[in-house]
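2 protein chains.
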Amino acid sequence: MAESAASQQAQPVRESFGSRLAAAMLERGPLCVGIDPHPQLLADWGLNDDVAGLERFSLTVVEAVASLAAAVKPQVALYERHGSAGMAVLERVLAASAEAGVLSIADAKRGDIGSTMAAYADAWLRDGSSLAADSVTLSPYLGFESLRPALDLAAQYGRGVFVLALTSNPEGKSVQHVGGEQSVARRIVSAAAAENQRYEGVLGSVGLVVGATIGSALTDLDIELGPVRGAILAPGLGAQGATPADLRATFADAYPQVLATSSRGILAAGPSAAALRDAAEETLAGLRS
Amino acid sequence: MAESAASQQAQPVRESFGSRLAAAMLERGPLCVGIDPHPQLLADWGLNDDVAGLERFSLTVVEAVASLAAAVKPQVALYERHGSAGMAVLERVLAASAEAGVLSIADAKRGDIGSTMAAYADAWLRDGSSLAADSVTLSPYLGFESLRPALDLAAQYGRGVFVLALTSNPEGKSVQHVGGEQSVARRIVSAAAAENQRYEGVLGSVGLVVGATIGSALTDLDIELGPVRGAILAPGLGAQGATPADLRATFADAYPQVLATSSRGILAAGPSAAALRDAAEETLAGLRS
Chain E
65 MAESAASQQA QPVRESFGSR LAAAMLERGP LCVGIDPHPQ LLADWGLNDD VAGLERFSLT
125 VVEAVASLAA AVKPQVALYE RHGSAGMAVL ERVLAASAEA GVLSIADAKR GDIGSTMAAY
185 ADAWLRDGSS LAADSVTLSP YLGFESLRPA LDLAAQYGRG VFVLALTSNP EGKSVQHVGG
245 EQSVARRIVS AAAAENQRYE GVLGSVGLVV GATIGSALTD LDIELGPVRG AILAPGLGAQ
305 GATPADLRAT FADAYPQVLA TSSRGILAAG PSAAALRDAA EETLAGLRS
Chain U
65 MAESAASQQA QPVRESFGSR LAAAMLERGP LCVGIDPHPQ LLADWGLNDD VAGLERFSLT
125 VVEAVASLAA AVKPQVALYE RHGSAGMAVL ERVLAASAEA GVLSIADAKR GDIGSTMAAY
185 ADAWLRDGSS LAADSVTLSP YLGFESLRPA LDLAAQYGRG VFVLALTSNP EGKSVQHVGG
245 EQSVARRIVS AAAAENQRYE GVLGSVGLVV GATIGSALTD LDIELGPVRG AILAPGLGAQ
305 GATPADLRAT FADAYPQVLA TSSRGILAAG PSAAALRDAA EETLAGLRS
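Note that the protein sequences, when read in sequence, are chains E and U. Okay, so the first sequence: first residue is 65 according to the working numbering, each after it adds one. Okay, so the second sequence: first residue is 65 according to the working numbering, each after it adds one.
As structure tokens, this is what we get:
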């Protein structure tokens with residue numbers, strides 16, 4: 065598999081993820097709809113907390129927002145908690161997203177080293193894998209460079225990654241803010257910027273996860289996101305507390321790179337597809353104005 | 065689900081993971097056999113890189129070493145790369161391990177926040193989940209405390225966790241060594257020590273992942289593992305470069321807590337079950353002497 069992969073490297077099988085995402089954001093606006101089939105949301109929709117409920121919920125969201133959102137982001141943990149049968153639902157959700165013409169971000173937060181990291185890359189980024197998504201979120205506790213197999217496989221297949229950088233949960237500071245002027249988060253951001261130099265166009269294919277509600281952390285840690293030239297996946301819009309105005313204030317010059325993620329704020333409007341669409345359109349209008 | 069879980073908190077459903085692991089290490093010795101069905105190993109065993117090969121490989125290892133090893137550690141990425149069908153094989157491997165009487169460590173390196181972290185805990189640590197293992201590895205980029213839902217569910221169900229602390233891959237330093245006297249790795253180790261105060265006995269149920277080939281990093285970062293009172297899962301024995309003597313030198317006073325993990329060093333002896341057993345016994349003898 066490694067050899068045939070290498071021989072394909074010269075001719076990408078599709079446009080880069082960064083280019084495809086930039087085009088989608090330009091055409092549709094900067095909204096990513098999180099698909100989070102939490103037990104409580106399933107109950108609110110009148111669905112059981114089982115595989116059938118999971119599938120009904122997820123496919124309803126995909127169908128409702130596929131023509132409006134730049135991307136959808138299924139939360140992998142919520143499929144994994146239903147075991148292999150839940151992961152099979154996720155495979156169908158990713159396939160349905162591709163068929164409906166909306167980019168997918170598998171929110172998996174995977175991370176490992178060497179041949180194990182290569183196996184995660186294989187799962188989420190390789191053509192022919194049943195779990196292949198347009199992009200996947202990664203966790204860099206083992207170092208940004210430990211993610212190399214995914215960075216390279218993404219480039220080869222026109223897929224992308226979003227690396228955890230700076231999150232808004234209070235306990236995140238005990239790792240991400242450590243290190244003074246050369247904080248852990250700042251190092252991750254710099255590494256992503258360097259990595260995106262391999263890409264042409266407005267956005268490279270290496271994005272970052274930066275919480276929408278981080279407040280002044282970017283300034284505090286002297287982090288500039290503009291030079292990253294990658295999309296900023298910013299969870300926290302809507303039910304989790306951030307307004308579009310907060311996003312503009314927090315990200316300032318880097319706002320054009322921000323892919324704002326709303327989950328519960330939109331999902332709570334279900335199960336009606338029309339109501340989900342209305343909620344997504346309203347959120348988009350707020351992001352554009 | 066949450067309510068019935070809370071009502072069970074008073075009466076643990078089984079002995080704590082730390083107690084069960086300490087008993088297994090005392091009785092059998094400190095060996096964990098990694099189950100790493102890499103494509104190359106499958107080929108070496110004359111198996112296809114498909115779901116059938118994955119299952120045959122994994123169950124052969126479980127059967128061969130279940131009565132010798134203190135634990136087995138399936139590498140989740142190598143199942144996930146086969147999609148949901150691969151995860152179904154993992155479910156059977158975890159069930160077979162339990163049936164054969166060997167503790168399981170799902171090497172998943174999961175990590176997230178809030179209700180998403182709770183969903184990962186649900187997947188790997190809840191009774192009734194098809195992916196439930198005796199323990200799971202976790203990644204703390206979002207802060208040790210972000211792992212709270214898993215720490216608490218593990219305590220409730222007599223299961224355990226191993227939190228990534230200090231790894232031997234060179235790129236790990238750019239996160240784990242950052243912060244001078246209060247390095248990221250040192251903070252994770254301290255947090256695990258505090259968490260294990262909720263447990264009685266020799267070992268608490270919160271272990272750490274510390275690479276077998278970290279050299280002098282513990283001294284350099286002024287990290288003491290003894291006070292953690294948790295098992296130290298130390299990958300890197302055998303094919304990856306560390307000898308039992310290296311382990312004793314690296315971990316010094318904390319050596320009795322070390323659960324040495326050998327994967328390829330033992331797996332390369334397959335597919336003969338007798339040869340796998342011999343390799344595991346030889347490794348154990350080296351660890352004991």
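Where a beta carbon is used, it is the ideal one built from N, C-alpha and C, also for glycine.
So, for residue i: in the same chain, excluding its five sequence neighbours on each side, which residues have a beta-carbon less than 7 angstroms away from its beta-carbon?
i	result
Glu288(U)	none
Asp305(U)	With the sequence shown as reference, residue 305(U) is identified as Gly, and Asp is not the correct amino acid for it. Excluding positions up to five away in sequence, the list reads Thr277.
Ala318(U)	Leu289, Gly290 and Ile296
Glu119(E)	Val153 and Arg156
Leu215(E)	Val225, Glu259 and Val270
Tyr184(E)	Arg174, Asp176 and Ala214
Leu189(E)	Ala196, Val200, Ala214, Leu217, Ala218, Tyr221 and Arg223
Glu144(U)	Gly150 and Met151
On the premise that residue j lies in contact with residue i, defined as a C-beta separation below 8 angstroms, what is that separation, rounded to the nearest angstrom?
i	j	result
Leu272(U)	Val227(U)	6 angstroms
Pro213(U)	Met181(U)	5 angstroms
Ala187(E)	Ser193(E)	6 angstroms
Ala256(U)	Gly294(U)	6 angstroms
Ala218(U)	Phe315(U)	Incorrect: roughly 24 angstroms between the Cβ atoms, too far for contact.
Asn260(E)	Val270(E)	5 angstroms
Ala337(U)	Ala141(U)	Going by Cβ atoms, the distance from Ala337(U) to Ala141(U) rounds to 25 angstroms, so no, they are not a contact pair.
Gly275(E)	Leu230(E)	7 angstroms
Phe130(E)	Ala164(E)	Going by the sequence as given, residue 130(E) is Ala instead of Phe. The Cβ separation is near 4 angstroms, so the contact holds.
Leu267(U)	Ala149(U)	Actually they are not in contact, since the Cβ atoms of Leu267(U) and Ala149(U) sit about 36 angstroms apart, beyond 8 angstroms.
Asp113(E)	Pro103(E)	5 angstroms
Whose C-beta lies closer than 8 angstroms to the C-beta of residue i among residues of the same chain, with five residues either side of it excluded?
i	result
Ser250(U)	The residue you asked about is not Ser; residue 250(U) is Arg in the sequence shown. Result list for Arg250(U): Gly243, Leu285, Asp286 and Ile287, in chain order.
Leu123(E)	Arg156, Val157 and Ala160
Asp191(U)	Val77 and Tyr221
Val239(U)	Tyr205 and Val248
Gln246(E)	none
Arg84(U)	Arg78, Leu167, Asp198 and Gly222
Asp342(U)	Ala333
Given residue i, which residues of its chain have a CB within under 6 angstroms of its CB, disregarding the five upstream and five downstream residues?
i	result
Gly334(U)	Trp109 and Leu340
Ser161(U)	Val126, Val136 and Ser168
Lys173(E)	Thr201 and Ser203
Ile177(U)	Leu206 and Ser210
Arg132(U)	Per the sequence shown, the amino acid found at residue 132(U) is Leu instead of Arg. Same-chain partners within the cutoff: Ala344.
Gly302(E)	Ser326 and Gly329
Leu331(E)	Leu105
Gln139(E)	Asp100 and Asp171
Gly117(U)	Leu106 and Leu111
Phe208(U)	Ile252 and Ala255
Lys237(E)	none
Helix, strand or coil, according to DSSP, for residue i in the structure here?
i	result
Asp191(U)	coil
Leu132(E)	coil
Pro138(E)	strand
Gly243(U)	coil
Val77(E)	coil
Leu111(U)	coil
Met65(U)	The pLDDT assigned to Met65(U) is 40, lower than 50, so where the model puts this residue is not dependable; a value taken from the coordinates is nonetheless given after this. Met65(U): coil per DSSP, three-state reduction.
Gly93(U)	coil
Cβ pair count under 8 angstroms reaching 3, the stretch 279-287 of chain E against the stretch 92-99 of chain E: no
Cβ contact (3+ pairs, closer than 8 angstroms) linking the stretch 344-353 of chain E and the stretch 306-313 of chain E: yes
Every unbroken beta strand (DSSP E) within the stretch 262-341 of chain E, with a cutoff of 3 residues, ordered by chain: 270-274, 296-301 and 322-326
Touch test, the stretch 83-93 of chain U against the stretch 169-176 of chain E, Cβ-Cβ under 8 angstroms, three pairs minimum: no
Validate contact between the stretch 187-200 of chain U and the stretch 214-231 of chain E using beta carbons, cut 8 angstroms, 3 pairs: no
Continuous beta strand (DSSP E) assignments of at least 3 residues falling wholly in the stretch 153-228 of chain U: 167-174 and 199-202
Segment contact, 8 angstroms Cβ cut-off, at least three pairs: the stretch 321-334 of chain U with the stretch 291-302 of chain U: yes
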